[in-house]
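Below you'll find the structure, written out as structure tokens, and then a few comments.
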Amino acid sequence: GAGVSQSPRYKVAKRGQDVALRCDPISGHVSLFWYQQALGQGPEFLTYFQNEAQLDKSGLPSDRFFAERPEGSVSTLKIQRTQQEDSAVYLCASSPSSGYGYTFGSGTRLTGV
Amino acid sequence: GENVEQHPSTLSVQEGDSAVIKCTYSDSASNYFPWYKQELGKRPQLIIDIRSNVGEKKDQRIAVTLNKTAKHFSLHITETQPEDSAVYFCAASMNTGFQKLVFGTGTRLLVSP
Chain A
1 GAGVSQSPRY KVAKRGQDVA LRCDPISGHV SLFWYQQALG QGPEFLTYFQ
51 NEAQLDKSGL PSDRFFAERP EGSVSTLKIQ RTQQEDSAVY LCASSPSSGY
101 GYTFGSGTRL TGV
Chain B
1 GENVEQHPST LSVQEGDSAV IKCTYSDSAS NYFPWYKQEL GKRPQLIIDI
51 RSNVGEKKDQ RIAVTLNKTA KHFSLHITET QPEDSAVYFC AASMNTGFQK
101 LVFGTGTRLL VSP
């Protein structure tokens with residue numbers, strides 16, 4: 001597609017619910033990133049994929065967070081047993097190379113109930 | 001790790017005035033400095049970036065300057081227009097095989113007609 005597509009745009013999750021957030025990067029982009037943006041803050045790095053390989057997951061806040069990109073294109077960020085503090089916008093970005101000139105998606109706004 | 005500070009947090013200018021946003025970074029190994037514009041509820045969009053081998057870069061009304069010695073970089077917008085109103089984020093990264101961006105906390109720019 002022409003841009004990075006994320007779904008759903010909005011997700012309301014009850015405490016303890018598992019959620020899955022999807023990212024469709026720009027076709028052919030090798031690099032894929034996930035960032036978390038809390039209200040009024042800048043995005044914070046979660047994890048990085050080069051093709052299907054997850055090369056850095058140092059930003060994932062807990063073992064409840066898991067990301068995958070099994071075929072080197074679409075990626076899914078999964079959050080298990082959601083907590084109130086997980087409420088944020090989750091942004092996906094892709095890049096044709098190692099990360100210069102990211103293109104971000106519009107994000108998924110996750111709200112805890 | 002890298003730490004990026006950004007100021008001011010809010011900036012109000014009259015249409016036609018110039019606006020300057022400043023950022024400092026902590027890690028002298030950082031070598032890539034992009035700026036993103038984020039309108040309310042939308043994705044961050046790359047507006048300009050600079051690498052550490054360049055001191056200044058311009059693109060129409062937008063310019064970025066980099067002082068490696070002082071570890072600070074600035075965004076300059078001239079002849080501001082109401083559509084420039086948005087939140088602007090600076091970021092810094094070093095190439096560790098890929099660009100992991102560390103963002104500032106953002107500057108809300110309001111351009112009044």
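In order, the protein sequences belong to chains A and B. Its first residue numbered 1, the first sequence is counted upward by one per residue in my numbering. Its first residue numbered 1, the second sequence is counted upward by one per residue in my numbering. Yeah, the Cβ is synthetic: ideal placement off N, Cα and C, and Gly gets one too. These figures come from a predicted structure and were not determined experimentally.
Assigned with DSSP and collapsed to three states, Gln17 (chain A) falls in coil, not helix or strand.
In the three-state reduction of the DSSP assignment, Asp17 (chain B) falls in the coil class, being assigned neither a helical nor a strand state. DSSP places Glu44 (chain A) within a strand segment (E or B) once states are collapsed to three.
Of the candidates A:Leu91, A:His29, A:Phe66, A:Arg22, A:Leu91 places its Cα closest to the Cα of Leu101 (chain B). Put simply, the backbone Cα of Thr108 (chain A) is about 10 Å away from that of Gly41 (chain B). By the CB criterion at 7 Å, Ser30 (chain B) and Glu5 (chain B) fall outside the cutoff. Asp17 (chain B) sits exposed, since fewer than 16 C-beta atoms from the chains shown fall within 10 Å of its C-beta.
Nearest CB-CB separation between Pro44 (chain B) and chain A: below the 7 Å threshold. Restricting attention to beta strand (DSSP E) runs no shorter than 3 residues, the stretch 18-46 of chain B encloses them at 19-25, 32-38, ordered along the chain.
Distance from the Cα of Gln54 (chain A) is smallest, within the candidate group A:Arg15, A:Val30, A:Gly42, A:Val113, for A:Val30.
Chain A has a Cβ within less than 7 Å of the Cβ of Thr105 (chain B). Here Ser75 (chain A) is buried. Its C-beta has 16 or more other C-beta atoms within 10 Å. Residues of the stretch 43-55 of chain A whose Cβ lies closer than 8 Å to any Cβ of chain B, in chain order: Pro43, Glu44, Phe45, Tyr48, Gln50, Leu55. At a cut-off of 7 Å between C-beta atoms, Ser98 (chain A) counts as an interface residue with respect to chain B.
Assignment of Glu71 (chain A) by DSSP, reduced to helix, strand and coil, places it in the coil class. For Phe104 (chain A), the chain B residues whose Cβ falls inside 7 Å of its Cβ are Arg43, Pro44, in order along the chain.
Listed along chain A is no residue with a C-beta nearer than 8 Å to that of Leu109 (chain B); the closest approach is about 15 Å.
At least 7 Å separates the beta-carbon of Ser87 (chain A) from that of Leu60 (chain A).
Proximity to Phe103 (chain B) across A:Arg15, A:Asp63, A:Ala38 peaks at A:Ala38, based on C-alpha coordinates. Using a 10 angstroms sphere on the CB of Pro43 (chain A), the tally of other CB atoms reaches 16 or more, which defines it as buried.
Flagged as an interface residue toward chain A: Gln99 (chain B), by a C-beta distance shorter than 7 Å.
Proximity of chain B to Gly107 (chain A) at the Cβ level (cut-off 8 Å) is accounted for by Arg43, in chain order. Its Cα nearest to that of Arg22 (chain A), the residue A:Leu32 stands out among A:Arg15, A:Leu32, A:Gly28, A:Lys14.
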